[in-house]
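Everything in the sequence shown is counted per UniProt numbering, starting at 1 for the first residue and increasing by one.
Only one structure is covered here, and it is reproduced in the block below.
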Amino acid sequence: MVNFADVDRRNYPMVDVTTGYGQWVETYEQTVEDIMDLALLDALTVPTWHAVQRAVDLGCGTGRTGAWLRSRGVPAIDGVDLTPEMLAVARAKGVHDRLVTGDIRDTGLAAGSYDLLVSSLVDEHLPDLLPLYREAARLAAPGALYVQVSFHPQFILATGMPTHFTSAGGEHIAISTHVHLISENITAGLQAGWELVEMREGLVDDSWVALKPRWEKHRNVPVSAAFVWRRRG
1 MVNFADVDRR NYPMVDVTTG YGQWVETYEQ TVEDIMDLAL LDALTVPTWH AVQRAVDLGC
61 GTGRTGAWLR SRGVPAIDGV DLTPEMLAVA RAKGVHDRLV TGDIRDTGLA AGSYDLLVSS
121 LVDEHLPDLL PLYREAARLA APGALYVQVS FHPQFILATG MPTHFTSAGG EHIAISTHVH
181 LISENITAGL QAGWELVEMR EGLVDDSWVA LKPRWEKHRN VPVSAAFVWR RRG
């Protein structure tokens, strides 16, 4: 296990998740690039999105992922997030059937209710991954898929960069960040009863460099990863 403080090269002031995303909400969708997460969802081959009956969007934020799922034919989506300000934006989109303010590790939603579970760019905020994987397993119907998109640990280690945003006053603010190695994700998923059926990694490539020219020095470093898990039984 790697302590983020040991690799932090930015030394931005750091706030908790609810505080950080509550402040970031106004510019969040203008600063998070689709190539980070939605492009990886597009690249997956195991999920048949239009065949899903009911999905849960864990850490749904402003509803970016929920909107993407709706566009792929998912008919019913619930969402859970800690931050009221982010949920307000998601609610305005109207893509979720139900939105719940809560912790993705203990949602309070009914067990066995979903044949698709999705979480995107949330696990770096958790000190321990196992509670998330266990809660996802509790919510999953037999044979359900759990798709998780992560901020790649190799990129965090290479750059010392936390999840961060620029405040209204122009200050860089970090949101509580934890480094989880790929092996930690796989170990937690297996321990919670999931079977890994697909994995993809997104590298810094021409598309990234076009968006962020200063990232040329990080070319070919993986920046995000997508895991597809199937519920056993």
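Idealized CB from N, CA, C, for every residue including glycine.
Beta strand (DSSP E) containing W208: first to last residue? Locating residue 208 in the sequence shown gives position 208, where the first residue counts as 1. Per DSSP, W208 belongs to no beta strand (DSSP E); it is in the alpha helix (DSSP H), 206-211.
First through last residue of the beta strand (DSSP E) which encompasses A55: Here residue 55 is taken as the residue at index 55 of the sequence shown, counted from 1. Segment 55-58, the beta strand (DSSP E) holding A55.
G170 - containing alpha helix (DSSP H), residue span: Counting from one through the sequence shown, the residue named residue 170 turns up at place 170. No residue range can be given for G170, since it is assigned to no alpha helix (DSSP H) and is classified by DSSP as neither H nor E.
Same chain, Cβ closer than 6 Å to S119, five either side skipped, listed in chain order: Position 119 of the sequence shown, counted from the start, is the residue given in the question as residue 119. Correct list, in chain order: L58, G59, Q148.
Pick out whichever of P13, I35, V25, R9 has its Cα sitting closest to the Cα of S207. Locating residue 207 in the sequence shown gives position 207, counting from the first residue. It is I35.
Check the Cβ-Cβ distances between V46 and every residue of chain D, and say whether any is below 8 Å. Looking at the structure shown, chain D is missing, and only one protein chain is on hand.
For G5, does the three-state DSSP call read helix, strand or coil? Taking the sequence shown and counting its residues from 1, one reaches residue 5 at position 5. Before going on, a small fix: residue 5 reads as Ala here, not Gly. A5: helix per DSSP, three-state reduction.
Close-in-space but distant-in-sequence residues of the same chain around S167 (CB under 8 Å, 5 per side omitted): Here residue 167 refers to the residue found at position 167 of the sequence shown. Taken in chain order, the residues that qualify are Q23, I173.
Pull up the CB-CB distance for P131 and R105, whole angstroms please, since I reckon it's below 8 Å. Here the question's residue 131 lines up with position 131 in the sequence shown. Here the question's residue 105 lines up with position 105 in the sequence shown. Confirmed, about 4 Å.
If you draw a straight line from the alpha carbon of W215 to that of E33, how long is it in whole angstroms? Against the sequence shown, residue 215 aligns to sequence position 215. Against the sequence shown, residue 33 aligns to sequence position 33. W215 and E33: Cα-Cα distance of roughly 14 Å.
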